[in-house]
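Chains as they are written, first to last, in the numbering used here: chain A, -13 to 160; chain B, 281 to 381; chain C, 904 to 1244.
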């Protein structure tokens, strides 16, 4: 049963990620990425991390990709035109991707593999995660909070209109 | 029969390879960004798979931080795209080449 | 394994049946309730008290001509109404409607998805509702639709923050994200809306904005931007948007009732077994009905918010109040007033 769910969502993830990198229209790419991230969230839950799975849907598909869609619509990004030389670039890209994949497979099977322990209640529960997060990793947590604050300020400043010189105030009627 | 962890790692490698191929071939800035998000998620999948294999929470915590950093990066990156679009009226990365040699 | 599957199917039948039945009932309640508040009769031609009116509306939507404009982005245009209904159906799956039933030696929880991260899953799936608005506005190839869609989705994601913080404050004294644990906590202590009245007010206002109901329905108002993001939709697709709105109202009310008003439990009554399950379901339905009546009541009592007033309220008023509520609840929990988690 678990194998069936894994195969289904793994195929869905791979298929929609191919659509993400191949489709010319950026809105379709973004919606395919939504499907990919949803499948990856399901795989997270299958791996015993339901909290991270829910967070993936909440943060990635619920916020980040909506932001992507907003910007695509604001900037009216249209379909990419493909020049003739695009074919060579795409073939080169596919080759590079295959090389990267092959390299990763080689490293994977080079290292010794350890058999898996059965999934414990402790791994899935959020109490253990929270205990570690707010115990050992409290400082990175706070720093990430500051990072998000800095990112919000930076994004607001970077995206606003450049300040206009003040226009002279017209004389008001008495 | 439980799914072996190496299957998840292979899937993560596939997603990463697809993402990197997309990031290097696309001409649209937003599409490059989407491919980068795909690569980040492939890394997250590998981390969670390892957290499962070793029975510890460290992988999940790292993924939490990676997600927060990815959100921050997406926000700033898209703001920069908006700023560049105001100047150059395009996001085609072949045309935003003022600093190229 | 088959017993578990059967239990899940029964759970799905109950909850999905409930949420699909609510839609025609709400159509009738809305029209008669608004008529009552406006001192006019309302629909009373079809059947006693106009009870056949929703059926007539449904038939009208079925037989109306389905006009698809030529220049729309076909796949996204057809996907958007389906995406309007999906989040509501997904989120209803984590709401418990009764105490866990013990048949033989197996205990079956009375919810579709017995997820340990139930509350978080609800919020995550509810945030998917933005996509139907955005895609509808984009695919319609219409300036007014796009503007309406951008405003609607900006409104939704702004109020999602306040909603999440209010919900988080409920989780702190309970110590678990599972909604059954939230109900058990409220059975053992007091209903959550008394110590967390601030959070409840924030949740209420945010849920009006999340479902695009008045006083926050600028994106779909009849006199603004033609009709907002669903300008180019007709007949059954338009009905899908409205069904989606009523269904998300229902599921958000179900969450609010479970978090703040004790869910399926009655104070002082110990429910268990089959009788407890049926009574629990009826109690939950009654509480949700009360919440929906409040939705209709508020709709016809307040003027509409302007867009900048709306955003100011969400970011500058609700968000700080939700944060203050969170800190207050954390302090009360640590000092032991709200019972140990």
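Cβ atoms here follow ideal geometry from the backbone N, Cα and C, with glycine treated the same way.
### Query
Taking only runs of the beta strand (DSSP E) that begin and end inside the segment 119 to 151 of chain A, which ones reach a length of at least 3 residues, in chain order?
Within the segment 119 to 151 of chain A, no complete beta strand (DSSP E) run reaches 3 residues.
### Query
Out of curiosity, what's the CA-to-CA distance linking residue 1280 of chain C and residue 1167 of chain C?
Given a span of 904 to 1244 for chain C in the structure shown, any question on residue 1280 of chain C remains unanswerable.
### Query
According to DSSP, which residues form a beta bridge with residue 308 of chain B?
Within the second chain, numbered from 1, the residue matching residue 308 of chain B stands at position 28. According to DSSP, which records beta bridges pairwise, residue 308 of chain B is partnered with B/372.
### Query
Where do the ends of the alpha helix (DSSP H) carrying residue 1216 of chain C lie?
Reading the third chain from its first residue, position 313 is the one you call residue 1216 of chain C. No alpha helix (DSSP H) holds residue 1216 of chain C; DSSP gives it neither H nor E.
### Message
Does residue 95 of chain A pass the burial test, meaning 16 or more other C-beta atoms within 10 Å, or should it be called exposed?
### Response
Along the first chain, one-based indexing puts residue 95 of chain A at 109. The residue is exposed, with fewer than 16 neighbouring Cβ atoms inside 10 Å.
### Query
Closest by CA to residue 329 of chain B, which one among A/41, A/40, A/26, A/43?
Residue 329 of chain B sits at position 49 when you count from the first residue of the second chain. Ranking A/41, A/40, A/26, A/43 by Cα distance to residue 329 of chain B puts A/26 first.
### Query
How many angstroms separate the CA atom of residue 1050 of chain C from the CA atom of residue 322 of chain B?
Start at 1 with the first residue of the third chain, and residue 1050 of chain C comes out as number 147. Start at 1 with the first residue of the second chain, and residue 322 of chain B comes out as number 42. Approximately 35 Å between the Cα atoms of the pair.
### Task
State the beta-bridge partners of residue 1006 of chain C as determined by DSSP.
Walking along the third chain from the start, residue 1006 of chain C turns up at place 103. The bridge partners DSSP lists for residue 1006 of chain C are C/1009.
### Task
For residue 931 of chain C, count neighbouring Cβ atoms within 10 angstroms of its own Cβ and tell me buried if that reaches 16, exposed if not.
The count along the third chain starts at 1 and reaches residue 931 of chain C at position 28. Answer is buried; the Cβ neighbour count reaches 16.
### Task
Say whether chain B places a C-beta atom closer than 9 Å to the C-beta of residue 150 of chain A.
Numbered from its first residue, the first chain carries residue 150 of chain A at position 164. Not a single C-beta of chain B is nearer than 9 Å to the C-beta of residue 150 of chain A.
### Query
Measuring CB to CB, does residue 1086 of chain C end up less than 9 Å from residue 1080 of chain C?
As a first step, residue 1086 of chain C must be located in the third chain, where it is residue number 183. As a first step, residue 1080 of chain C must be located in the third chain, where it is residue number 177. Contact: no.
#### Entry: Where residue 1190 of chain C falls, given that 16 or more other Cβ within 10 Å makes a residue buried
Counting from 1 along the third chain, the entry for residue 1190 of chain C is found at position 287. Counting Cβ neighbours within 10 Å, residue 1190 of chain C comes out buried, since at least 16 surround it.
### Task
May I ask you to report which of helix, strand or coil DSSP gives residue 1238 of chain C?
By 1-based counting over the third chain, the position of residue 1238 of chain C is 335. Of the three classes helix, strand and coil, the one that applies to residue 1238 of chain C here is coil, per DSSP.
#### Entry: Three-state secondary structure assigned by DSSP to residue 934 of chain C
Here residue 934 of chain C is taken as the residue at index 31 of the third chain, counted from 1. DSSP places residue 934 of chain C within a helical segment (H, G or I) once states are collapsed to three.
### Query
With a Cβ-Cβ cutoff of 9 Å, do residue 1195 of chain C and residue 1083 of chain C count as a contact?
In the third chain, the residue the question calls residue 1195 of chain C occupies position 292. In the third chain, the residue the question calls residue 1083 of chain C occupies position 180. No. Outside cutoff.
### Message
9 Å is my cut-off, CB to CB: does residue 1019 of chain C come that close to chain A?
### Response
As a position in the third chain, residue 1019 of chain C is number 116, starting the count at 1. The beta-carbon of residue 1019 of chain C is placed less than 9 Å from the nearest beta-carbon of chain A.
### Query
So with Cβ pairs under 9 Å, would you call residue 1057 of chain C a contact of chain A?
Within the third chain, numbered from 1, the residue matching residue 1057 of chain C stands at position 154. Interface with chain A (9 Å Cβ-Cβ cutoff): residue 1057 of chain C is included.
### Task
With 9 Å as the threshold, decide whether the Cβ of residue 379 of chain B is near any Cβ in chain A.
Locating residue 379 of chain B in the second chain gives position 99, where the first residue counts as 1. Contacts with chain A at 9 Å (Cβ-Cβ) do not include residue 379 of chain B.
### Task
Taking only runs that begin and end inside the segment 1041 to 1122 of chain C, name each unbroken alpha helix (DSSP H) of 4 or more residues, in chain order.
Here the runs fully enclosed are 1046 to 1077, 1082 to 1091, 1100 to 1113.
### Message
Is it buried or exposed, residue 347 of chain B, if we count other Cβ atoms within 10 angstroms and call 16 or more buried?
### Response
Counted from its first residue, the second chain places residue 347 of chain B at position 67. Taking every protein chain shown into account, the CB of residue 347 of chain B has 16 or more other CB atoms within 10 angstroms, so this residue is buried.
#### Entry: Own chain partners of residue 46 of chain A with C-beta closer than 7 Å, once the 5 adjacent residues on each side are dropped
Looking up residue 46 of chain A in the first chain gives position 60. Same-chain partners within the cutoff: 23.
### Query
With a CB to CB cut of under 7 Å and the five nearest residues on each side skipped, what residues in its chain are close to residue 1108 of chain C?
For the purposes of this step, residue 1108 of chain C is taken as the residue at position 205 of the third chain. So the list reads 1221, once near-sequence residues are dropped.
### Message
Between residue 144 of chain A and chain C, is any beta-carbon pair separated by less than 9 Å?
### Response
Along the first chain, one-based indexing puts residue 144 of chain A at 158. Residue contact check for residue 144 of chain A against chain C: no CB pair falls below 9 Å.
### Task
Give a yes or no on whether 9 Å exceeds the smallest Cβ distance from residue 1063 of chain C to chain A.
Along the third chain, one-based indexing puts residue 1063 of chain C at 160. True, the Cβ-Cβ gap to chain A drops below 9 Å.
### Query
Using a beta-carbon distance below 9 Å, is residue 310 of chain B in contact with chain A?
As a first step, residue 310 of chain B is located in the second chain; it is residue number 30 there, counting from the start. Judged by the 9 Å Cβ criterion, residue 310 of chain B is in contact with chain A.
### CB-CB length for residue 306 of chain B against residue 298 of chain B, believed under 8 Å
Residue numbering aside, residue 306 of chain B sits at position 26 when the second chain is read from its first letter. Residue numbering aside, residue 298 of chain B sits at position 18 when the second chain is read from its first letter. Taking a contact as a CB-CB distance under 8 Å, the pair residue 306 of chain B and residue 298 of chain B does not count as one, their CB atoms being some 12 Å apart.
### Message
In the DSSP assignment, the alpha helix (DSSP H) including residue 43 of chain A goes from what residue to what residue?
### Response
Walking along the first chain from the start, residue 43 of chain A turns up at place 57. It is not in any alpha helix (DSSP H) - residue 43 of chain A carries neither H nor E in the DSSP assignment.
### Task
Check residue -13 of chain A in the structure and name its three-state DSSP category.
Sequence index remark: in the first chain, residue -13 of chain A carries index 1 (1-based). Residue state, collapsed to three classes: coil.
### Query
Once you ignore the five residues that flank residue 1140 of chain C on each side, which residues in its own chain have a CB closer than 6 Å to its CB?
Counted from its first residue, the third chain places residue 1140 of chain C at position 237. Excluding sequence neighbours, residue 1140 of chain C sits near 984.
### Message
Tell me the DSSP secondary structure of residue 967 of chain C in three-state form.
### Response
Residue mapping note: residue 967 of chain C aligns to position 64 of the third chain, counting from 1. Look at residue 967 of chain C here: in three-state DSSP terms it is coil, with no helix or strand label.
#### Entry: Contacting residues, own chain, Cβ-Cβ under 6 Å from residue -2 of chain A (five flanking each side not counted)
For this step, residue -2 of chain A is matched to residue 12 along the first chain. The beta carbon of residue -2 of chain A sits closer than 6 Å to the beta carbons of 25 from its chain, once the five residues preceding and following it are set aside; these are given in chain order.
### Query
Taking the Cβ atom as the reference point for each residue, do residue 1293 of chain C and residue 1106 of chain C lie within a distance shorter than 9 Å?
Only positions 904 to 1244 of chain C appear in the structure, and residue 1293 of chain C is not among them; the question remains open.
### Member of C/1217, C/914, C/1153 whose CA lies at the smallest distance from the CA of residue 1001 of chain C
Along the third chain, read from residue 1 onward, the residue named residue 1001 of chain C stands at position 98. The option with the nearest alpha carbon to residue 1001 of chain C is C/914.
### Query
Is any beta-carbon of chain B found at less than 9 Å from that of residue 125 of chain A?
Reading the first chain from its first residue, position 139 is the one you call residue 125 of chain A. Output row for residue 125 of chain A: interface = no.
### Task
Report yes or no: do the segment 984 to 999 of chain C and the segment 1017 to 1029 of chain C share at least 3 C-beta pairs separated by less than 8 Å?
Contact holds: three or more Cβ-Cβ distances are below 8 Å.
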